Amino acid sequence: MIYRDYGRTGKKVSLLGFGGMRFEDIDNRDRCVQMMVEAARAGVNYFDTAPGYFGGKGEVVFGEGFKELRRQGLPFFCSTKTSRASEKRIRGEVNAQLNRMKVDAIDFYHVWCVLSLESWKDREQKGAMGALRKLKEEGLIRHVCVSSHLPGEELGELLREGQFEGVLFGYSAYNAPFRQEAFAAIAERALGCAVMNPLGGGIIPENPEVFDFVRTRAGQTVVEGALHFLFGHSQISTVLVGFGKPAEIREAVAAVDRFAGAGLADVQGVKARRSEALKELCTGCRYCDHCPEGIPVPGLMDAYNHKVLYGTGEAAAKRLRTHWGLLPAEAAKCTGCGQCEEACTQHLPIAGRLRELAALTPGT
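Pasting the structure below:
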């Protein structure tokens, strides 16, 4: 296993992290615990969950797993999150999490689901950061971090506030252009960095022909190539893979073992090939996110990507519904003003794509 510094915290974390939101059978406690043990024996020491995973069962399972890891003398770091704002509610959640996970302190505690800078300011004004600082002083949490899906520029702005020791965000060869400003801020502030959705939420392995560009050497699978692309980023401390079954742990551990220390040239090569291979897909830069009609264009274009990748309107409608909480009718608000197309760095036919999405029925 490879270990990297988590920012300036003094912690060395495994390059491969255990993402706890994809257990195949969360009610099979023994199997889930054994998966955590297998990962830890392979050198994984970063385990990430959240209070909402599996309706709260995720942290409970992690608690059983951590108990077994301690019994076997296997080291681990615990990572979880809160979306609460007031000191009373954050403190109550932390106490419940400590009990569920059977730990004395949470190593990496994340402000969770920061969806806009405005919503973060609201939480901050309600006392979120003050509460987290107190909990850290009391030793109940060790490092204050943030988990966010903000665009790169906004995430960079948030990180430059200097309030966090680390960050967790989605990053892969699928959405690489979306995060460059965040990486710049991570380097400037020497922050710890964990990335989730390293396989694009399953998009990369489900479309191996489309994502063949991630392979940089003979014999690589697209999964291994996608992971090696991330491992080649020196700013990334740990890559969280959501494990559903033991075979996936072995595949990811083998990818670490076969990682030959790909450098900047490999990373840049993948990025260059990506531009050509995915030229029909929206890269998620969000320059179109200023629609005068209030249409959430980036989310709709992300859903259209699924139409391109999977060849059906059903795939796009499902992505809209499950990932963005939107209906196709949202696209019907388009007046064809062309502002989004002028802003698009890829010169995509956004208005036409919106019309296609608008024609879908919610249950398509």
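Positions 0 to 363 (numbering that gives the first Met the number 0) are the ones given, in order, by the sequence shown.
Beta carbons are placed, not taken as given, at the ideal position from N, Cα and C, and that holds for glycine.
Given the structure is predicted, the values throughout are model-derived calculations rather than measurements.
- E152 is positioned such that its CB atom lies no closer than 8 Å to that of E187.
- Fully contained in the stretch 4 to 85 are the following alpha helix (DSSP H) runs of length 4 or more, in chain order: 28 to 40, 56 to 70.
- Excluding its 5 nearest sequence neighbours in each direction, Y52 has C-beta neighbours in its own chain below 8 Å: G19, M20, E58, listed in chain order.
- By the C-beta criterion, the stretch 104 to 119 is judged to be in contact with the stretch 131 to 151, since at least 3 inter-stretch pairs fall below 8 Å.
- For the pair S236 and N196, the CB atoms are not nearer than the 8 Å cut-off.
- Going by DSSP, V113 is part of no alpha helix (DSSP H) but of the beta strand (DSSP E) stretching over 105 to 113.
- Under the criterion of beta carbons closer than 8 Å, A357 and A331 qualify as touching, at roughly 4 Å.
- For T334, the secondary structure class from DSSP, reduced to helix, strand or coil, is coil.
- For the set A84, F76, S118, M35, the Cα lying nearest the Cα of V60 is the one of M35.
- By the neighbour-count definition (other C-beta atoms within 10 Å, threshold 16), Q96 is a buried residue.
- One thing to note: V194 has its Cβ no nearer than 8 Å to the Cβ of G218.
- K101 and G72 do not touch by the CB rule: their CB atoms are close to 16 Å apart, not below 8 Å.
- S115 and D121 have their alpha carbons spaced roughly 10 Å apart.
- With respect to T8, P50 sits apart: the two C-beta atoms are not nearer than 8 Å.
- The three-state reading of DSSP puts F168 in strand, counting E and B together.
- Inside the stretch 180 to 258, DSSP marks whole alpha helix (DSSP H) runs of 4 or more residues at positions 202 to 205, 221 to 230, 245 to 256, from first to last along the chain.
- Across the set L325, L308, C287, F230, the C-alpha of C287 shows the shortest separation from the C-alpha of L347.
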